[in-house]
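Counted from 1, the sequence shown has number 289 at position 289 by the UniProt record's numbering; the numbering is strictly sequential.
Glycine included, every Cβ here is placed at the ideal spot set by N, Cα and C.
Everything numeric in this text was worked out from a predicted model, so none of it was measured.
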Amino acid sequence: MPGEPPERGTASPAPPTASETAPGTSASSPAESGGDGGKGNEILRWLIGAVANATVLTALLVYFGWQRNDVQSQELGFDESILGMSTRDYVLRSVWPVLVLLLTIAIGGMVWLQWDDRLVRRIRAGGRDDRVVRWTLRVLPFAWLILPGAVWIVGYVWRAAAYVAFPFSIGAGVLLLVYAIQLRGMLPGASEPPPGRVPLLRAFAAIIVGVSLFWGASDYATIQGYAMADRFAAGIRNLTQVVVYSPKRLYLTAPGVTETTLTDEKAAYRYRYTGLRLNLHTGGHYVLVSDGWTPRHGVVMLIADDDPVRLEFVRDR
């Protein structure tokens, strides 16, 4: 189902309000603020301000990176914490996937702007008598239920896509509900909301949208983590080959590792280990696996930067 990950083979600061006006403009002049159209776009400006917040973006990048690495590590059979990855590592490894999410949000916002422009013109021209306006105001208040329901149904066909889209559909549905309330306020003869109602509405919507954003990013990171684990298991031979030289015996007994004792007693290094592959370098140590690594029986080895060993990285085609 959309709320569950696809089956495997074995088992901040408060968002800026839209009422803030740019320098040199007047909030009390409908003509200068775009009239009803400007009012209808308040929800979109508020959303952009929240998503573009540097603190929110950084938190999203770090959380995405941690979740993806945690899922991959569990699939590979070890705990993510042994990697010792820093916040910088999480951020740098998460930039491209999160940019895809933000690009999707931006495209959705552009489509929303086009629809809003046409809808506002219809409201000005015909008000409730316009059939498109009438049906839009009937359907949008239930978007918080319609969108997740539609994604849930799609999940029976495209499970992975629905698993990622389900949280975002909840946030989008809440935004459309707030948008519908603003559109109703643009109709001729519409009464002003009670004092304090709009800030509370935006605050509650911000909480739901924020949770949906991180929930969706978590699901996307989970899918990415599974995919990375699958690629890792299938591409061990494509990783960089590593030869380890050590003055003392290291007793590396992973499957596929060969230990060779060097005969020159005056050599600085007496033992050589081959059959190793570089997984990554992070947290001040090298993470190595062996040629014989398998999902059922695999060993992960850590060699610190300051260990008295010599590493040779070999291009192995």
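| field | For Glu192, the residue or residues it bridges with in DSSP | value | For Glu192, DSSP records no beta bridge to any residue.
| query | Does the Cβ-Cβ distance between Leu61 and Thr282 come in under 7 Å? | reply | The Cβ atoms of Leu61 and Thr282 do not sit closer than 7 Å to each other.
| field | Pair within 7 Å by beta-carbon distance, Leu176 and Leu140 | value | Cβ atoms of Leu176 and Leu140: closer than 7 Å.
| DSSP-derived helix/strand/coil call for Gly257 | This sequence places Val at residue 257; Gly is not what is there. DSSP places Val257 in coil when its eight states are reduced to three.
| task | Give every residue of the same chain whose Cβ lies closer than 8 Å to the Cβ of Val287, excluding the five residues on either side of it in the sequence, and list them in chain order. | result | Around Val287, the same chain offers Leu83, Leu278, Asn279, Leu280, His281, Val300, Met301 and Leu302 as residues with beta carbons nearer than 8 Å, after the five sequence neighbours per side are excluded.
| query | Under 7 Å, do Ser169 and Leu147 count as touching if we go by C-beta distance? | reply | Cβ distance < 7 Å, so Ser169 and Leu147 count as in contact.
| task | Go to Phe214, then tell me how far its alpha helix (DSSP H) extends in each direction, as first and last residue. | result | Counting along the chain, the alpha helix (DSSP H) containing Phe214 begins and ends at Arg197 to Ala234.
| Taking 7 Å as the CB-CB limit, is Pro308 close to chain B? | The structure shown contains no chain B; it is built from a single protein chain.
| said: Give me, in chain order, the residues of the same chain whose beta-carbon lies closer than 7 Å to that of Gly24; leave out the 5 immediate sequence neighbours on both sides. | reply: Only weak support exists for where Gly24 lies, its pLDDT of 40 falling under 50; the coordinates are left without a value.
| field | Three-way DSSP call (helix, strand, coil) for Met301 in this model | value | Three-state result, Met301: strand.
| field | Distance between Met85 and Lys266 (C-alpha atoms, nearest Å) | value | If you take the alpha carbons of Lys266 and Met85, they lie about 38 Å apart.
| task | Return the residue from the list Ala190, Gln114, Val157 and Ala143 that minimises the CA-CA distance to Gly127. | result | Just measuring C-alpha positions, the residue of Ala190, Gln114, Val157 and Ala143 sitting nearest Gly127 is Ala190.
| field | Through-space distance from Tyr269 to Arg310, alpha-carbon basis | value | CA-CA distance, Arg310 to Tyr269, rounds to 8 Å.
| request: For Thr282, write down the residues that DSSP places opposite it in a beta bridge. | output: DSSP links Thr282 through a beta bridge to His285.
| query | Taking the runs of the alpha helix (DSSP H) that are 4 residues or longer, which of them lie wholly in the segment 54-114? | reply | When DSSP assignments are scanned along the segment 54-114, the uninterrupted stretches of alpha helix (DSSP H) that are 4 or more residues long and fall wholly within it turn out to be 54-76.
| said: Less than 7 Å between the beta carbons of Gly292 and Gly235, yes or no? | reply: Their beta carbons are not under 7 Å apart, which means Gly292 does not touch Gly235 by this criterion.
| Distance, Gly298 Cα to Ser290 Cα | The straight-line gap from Cα to Cα measures roughly 8 Å.
| field | Simplified DSSP assignment, three categories, for Tyr179 | value | It is helical.
| Where Gly149 falls, given that 16 or more other Cβ within 10 Å makes a residue buried | Looking at its Cβ environment, which holds fewer than 16 other Cβ atoms inside 10 Å, Gly149 is exposed.
| said: In this structure, how does DSSP classify Tyr163 when only helix, strand and coil are distinguished? | reply: Residue state, collapsed to three classes: helix.
| task | Could you tell me which of Arg68, Trp215, Val91 and Glu80 sits nearest to Ala54, measuring between CA atoms? | result | Across the set Arg68, Trp215, Val91 and Glu80, the C-alpha of Val91 shows the shortest separation from the C-alpha of Ala54.
| query | Would Val314 pass as a contact of Thr274 if the rule is Cβ separation under 7 Å? | reply | At a Cβ-Cβ threshold of 7 Å, Val314 and Thr274 do not count as neighbours.
| message | Does the structure place the segment 91-100 close enough to the segment 155-163 that three or more beta carbon pairs sit under 8 Å? | response | As far as the Cβ criterion goes, the segment 155-163 does not touch the segment 91-100, which means the pair count is below three.
| query | Taking the Cβ atom as the reference point for each residue, do Ala229 and Arg68 lie within a distance shorter than 7 Å? | reply | Taking C-beta atoms as the reference points, Ala229 and Arg68 fail to come closer than 7 Å.
| field | Where Glu192 falls, given that 16 or more other Cβ within 10 Å makes a residue buried | value | Glu192 is exposed by the Cβ-count criterion.
| field | Per-residue burial, Ile107 [other beta carbons within 10 Å of its own, 16 or more giving buried] | value | Burial call: exposed.
| said: On the criterion of 16 or more Cβ atoms from any shown chain inside 10 Å, does Ala304 qualify as buried, or is it exposed? | reply: Ala304 comes out exposed.
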